[in-house]
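This report refers to the structure that appears directly beneath it.
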Amino acid sequence: MFEDVDCALCGARDEERLFPARDKMFPGQERFSAVRCRRCGLVYLNPRPAAQAHASYYGDSYFYSANNAGAPSRLSITGL
Ligand SMILES: [Zn+2]
4 MFEDVDCALC GARDEERLFP ARDKMFPGQE RFSAVRCRRC GLVYLNPRPA AQAHASYYGD
64 SYFYSANNAG APSRLSITGL
């Protein structure tokens, strides 16, 4: 689900298409359109995924959490 949006910086609806793009981390069939606002220069996606669709782009495999097993159990200050 995609939605057309105005520029989030200046509110204009005057954009030029820059290039099509794909998700580089999780390539799929979807293509996104990068645009540049002619008034303020902000670059953003338009149309962009609607808020209801965001969870589908950020599944469990998207996030990385460091394994703390190798981390020191405490910090020590030396040389003071
Ligand atoms: Zn703008």
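Residues 4 to 83 in our numbering are what the sequence shown lists, from first letter to last. Glycine included, C-beta positions come from ideal geometry on N, C-alpha and C. The structure presented is a predicted model; accordingly, all values stated were derived computationally and were not measured.
With respect to the 7 Å criterion, Ala53 and Glu18 are not classified as neighbours on the basis of their beta carbons. Ranked by Cα distance from Ala11, the first of Gln55, Arg41 and Ala56 is Arg41. Bridge partners of Cys43 according to DSSP: none are assigned.
Taking all protein chains in view, the Cβ of Val46 is surrounded by fewer than 16 other Cβ atoms within 10 Å, so the residue is classified as exposed. In its chain, beyond the 5 residues on either side, Cys10, Leu12, Cys13 and Ala15 have a beta carbon closer than 8 Å to the beta carbon of Cys43.
Per the coordinates, the alpha-carbon of Phe22 lies some 7 Å from the alpha-carbon of Val38.
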